[in-house]
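Chemist: Quick note: the sequence shown uses the numbering used here, first residue 1076, plus one each step. Provided herewith is a single structure, encoded as structure tokens, for subsequent inquiry.
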Amino acid sequence: MQPDSQRASNDRTRVRRSVLAVPGSSVKMIEKAKGLPADEVFLDLEDAVAPLAKADARANIVAALNSDGWGDQIRVVRVNDWTTQWTYADVIEVVTGAGANLDAILLPKVVDAGQVVALELLLTQLEQANGLEVGAIGIEPQIENAVGLKNIDAIATASPRVQTLVFGPADFMASINMRTLVVGEQPEGYDTGDAYHHILMSILLSARAHGLQAIDGPYLQIRDLDGFRRAAGRSAALGFDGKWVLHPTQIEAANEIFSPRQSDYDRAELILDAYAYHTSTAGGSRGAVMLGEEMIDEASAKMAQVIAEKGRAAGMRRTSEFTPPAG
Ligand code: GLV
Ligand code: MG
């Protein structure tokens, strides 16, 4: 468990390549999740938990968050959405019982900024009442329908607690009547492009515009690892930071797919060093220079910065160093 102040300042940059979904109703699965190498674990009170099991699940989650055995995973709880009868009690019970051991609340089916503000207000009162640092618990809004997507910028900026924007493909597909039952795969009959492209790009653009992380949702065919890798590869290529995972084999794949390749990471660090050197007085204060066969300039350095930061956050080590030209 990190100290509160470190937690609050780190949350938007902590690596979230793999986000493991765990039903709050299963003590066994929660126990197992503690030892898995997912970057984030979210304990679910929403769709993975039957209505009659929700009260017990809250108690399981509080006990689990307060227990030993966790690694350095980001610990999150998904509450029920604001249109249900459960949301307020989910938040109150979890934060009162285990607020010091909770990094964020995942809020599903968000439709507007008001729903984020409502959670923000409740969290602030609970943090005050329980002697917790105000603002330490983050919010991860989940975009799961057309209204949420239309209001995404207002949702993204509704509270300084917002750390990520999370796609919920299953609910989203249902909400727009997309004609498929296989989450993460293309709808049959749509043979042009990627049916998710607009939604993914809208989430990504809003996340980038507001300094948040963009997280792709689940791929439900857990035995189809190739399918998972394809879907994860697409959102990783666009620029997403991570994806939900439902099974240990998906964790490994997500951690790999959402980290830069070693050769790209090395190249990115090299570009940054070379650019810093050549733009310095010692390097001749030049703006555009050749690095091997490639011309690099300010824009190349920005692209390299993105890859280098992802690699550093994932704990990668460079395998080559920049040597300034002799003479
Ligand atoms: C996840 O919540 C989804 O709806 O895909
Ligand atoms: Mg959903």
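The beta-carbon is built from N, C-alpha and C at its ideal position, and this holds for glycine as well.
(1) For E1168, does the three-state DSSP call read helix, strand or coil?
(2) Please report the straight-line C-alpha distance between E1396 and A1363, rounded to a whole angstrom.
(3) So, under 8 Å CB-CB, V1056 and V1192 are touching, yes? Tell me the CB distance rounded to an integer number of Å.
(4) Could you check the C-alpha separation between R1283 and A1289 for me, to the nearest Å?
(5) Assign A1083 to one of two classes, buried (16 or more other C-beta atoms within 10 Å of its C-beta) or exposed (fewer than that).
(6) State the Cα-Cα distance for the pair V1166 and L1140, rounded to the nearest angstrom.
(7) Which full runs of the beta strand (DSSP E) of 3+ residues lie inside the stretch 1200 to 1258, going along the chain?
(8) What three-state label does DSSP hand G1308 in the structure shown?
(9) Could you name the residues whose beta carbon sits closer than 6 Å to any heavy atom belonging to the ligand MG, keeping them in chain order?
(10) Should P1126 go down as buried or exposed, given a rule of 16 or more other Cβ atoms within 10 Å for buried?
(11) Going residue by residue through the stretch 1126 to 1154, where are the continuous alpha helix (DSSP H) segments of at least 4 residues, counting only ones entirely within it?
(12) Under 6 Å: does the beta carbon of G1292 sit that close to some heavy atom of the ligand GLV?
(13) In whole angstroms, what is the alpha-carbon distance linking D1079 and E1168?
(14) Go through its chain and collect everything with a Cβ distance to A1175's Cβ below 7 Å, but skip five positions before and after it.
(15) Rounded to whole angstroms, what is the Cα-Cα separation between V1209 and Q1261?
(16) Since G1317 is in the alpha helix (DSSP H), which residue starts that stretch and which ends it?
(17) Would you mind reading off the limits of the beta strand (DSSP E) that contains D1291?
(18) Taking the continuous beta strand (DSSP E) assigned at M1365, which residues delimit it?
(19) Please report how far the alpha carbon of Q1325 lies from the alpha carbon of G1259, in whole angstroms.
(20) Look at the Cβ atom of I1180, then the Cβ atom of V1154, and state whether they are nearer than 7 Å.
(21) Between N1220 and the rest of its own chain, which residues show a CB-CB distance below 8 Å, the 5 nearest in sequence each way excluded?
(22) Over what stretch of residues does the alpha helix (DSSP H) that includes A1108 continue unbroken?
(23) From the DSSP output, read off the bridge partner residues of I1180.
(24) Using the Cβ count rule (16 or more neighbours within 10 Å means buried), how would you classify D1147?
(25) Report the rounded CA-to-CA distance for D1114 versus E1327, giving the unit in angstroms.
(26) I need the straight-line Cα distance from V1094 to P1235, nearest angstrom please.
(27) Pull up the DSSP beta-bridge partners for L1419, would you.
(28) Do you know offhand how far T1162's Cα is from A1231's?
(29) Is it a yes or a no for the stretch 1348 to 1362 touching the stretch 1312 to 1322, going by three-plus beta-carbon pairs under 8 Å?
Modeler: Looking at the coordinates:
(1) As a first step, residue 1168 is located in the sequence shown; it is residue number 93 there, counting from the start. In this structure, E1168 counts as helix in the three-state DSSP scheme.
(2) Here residue 1396 refers to the residue found at position 321 when the sequence shown is read from its first residue. Here residue 1363 refers to the residue found at position 288 when the sequence shown is read from its first residue. When rounded, the distance between both Cα atoms is 20 Å.
(3) In the structure as shown, the chain begins at 1076 and stops at 1402. Residue 1056 is therefore absent and cannot be evaluated.
(4) For the purposes of this step, residue 1283 is taken as residue 208 along the sequence shown, with counting starting at 1. For the purposes of this step, residue 1289 is taken as residue 214 along the sequence shown, with counting starting at 1. Those two C-alpha atoms are separated by around 8 Å.
(5) Within the sequence shown, the letter at position 8 stands for residue 1083. Residue confidence is low: A1083 scores 44 on pLDDT, short of 50, so the model does not pin down where it sits. No coordinate-derived value is stated.
(6) Taking the first residue of the sequence shown as position 1, residue 1166 is located at position 91. Taking the first residue of the sequence shown as position 1, residue 1140 is located at position 65. Going by the C-alpha atoms only, they are around 14 Å apart.
(7) 1213 to 1218 and 1239 to 1242
(8) Locating residue 1308 in the sequence shown gives position 233, where the first residue counts as 1. If DSSP states are grouped into helix, strand and coil, G1308 belongs with the helices.
(9) Per the Cβ criterion, the list is D1122, P1183, E1219, G1243, A1245 and D1246.
(10) Translated into positions along the sequence shown, residue 1126 becomes position 51. Exposed, because fewer than 16 other Cβ atoms sit within 10 Å of the Cβ of P1126.
(11) 1129 to 1140
(12) Taking the first residue of the sequence shown as 1, we reach residue 1292 at position 217. Yes, the Cβ of G1292 comes within 6 Å of a heavy atom of the ligand GLV.
(13) In the sequence shown, counting from the first residue as 1, residue 1079 sits at position 4. In the sequence shown, counting from the first residue as 1, residue 1168 sits at position 93. Low confidence applies here, because D1079 scores a pLDDT of 42, under 50, leaving its location unreliable; read the following figure in that light. Cα-Cα distance, rounded: 20 Å.
(14) Your numbering for residue 1175 matches position 100 in the sequence shown. Counting only Cβ-Cβ distances below 7 Å, and skipping sequence neighbours, we find L1207.
(15) The sequence position of residue 1209 within the sequence shown is 134, counting from 1. The sequence position of residue 1261 within the sequence shown is 186, counting from 1. Going by the C-alpha atoms only, they are around 43 Å apart.
(16) To locate residue 1317, count along the sequence shown from 1; it is residue 242. Segment G1317 to V1320 is the beta strand (DSSP E) holding G1317; no alpha helix (DSSP H) there.
(17) For the purposes of this step, residue 1291 is taken as residue 216 along the sequence shown, with counting starting at 1. Where D1291 is concerned, the enclosing beta strand (DSSP E) stretches over Q1288 to D1291.
(18) Within the sequence shown, numbered from 1, the residue matching residue 1365 stands at position 290. Note, M1365: beta strand (DSSP E), V1364 to L1366.
(19) Against the sequence shown, residue 1325 aligns to sequence position 250. Against the sequence shown, residue 1259 aligns to sequence position 184. Distance between the alpha carbons of Q1325 and G1259 is about 14 Å.
(20) Working through the sequence shown from its first residue, we reach residue 1180 at position 105. Working through the sequence shown from its first residue, we reach residue 1154 at position 79. In this structure, V1154 lies closer than 7 Å to I1180 by Cβ.
(21) Numbered from its first residue, the sequence shown carries residue 1220 at position 145. Here the set comprises K1184, V1186, D1246, F1247, S1250 and I1251.
(22) As a working note, residue 1108 is residue 33 in the sequence shown. Counting along the chain, the alpha helix (DSSP H) containing A1108 begins and ends at V1102 to A1108.
(23) By 1-based counting over the sequence shown, the position of residue 1180 is 105. I1180 pairs with V1152 and I1214.
(24) Indexing the sequence shown from 1 puts residue 1147 at position 72. Answer is exposed; the Cβ neighbour count stays below 16.
(25) For this step, residue 1114 is matched to residue 39 along the sequence shown. For this step, residue 1327 is matched to residue 252 along the sequence shown. Computed Cα separation, rounded: 11 Å.
(26) Locating residue 1094 in the sequence shown gives position 19, where the first residue counts as 1. Locating residue 1235 in the sequence shown gives position 160, where the first residue counts as 1. Near 21 Å, if we compare the C-alpha coordinates of P1235 and V1094.
(27) Missing from the structure shown is residue 1419; the chain here goes from 1076 to 1402 and no further.
(28) On the sequence shown, position 87 is the one that residue 1162 refers to. On the sequence shown, position 156 is the one that residue 1231 refers to. Those two C-alpha atoms are separated by around 20 Å.
(29) no
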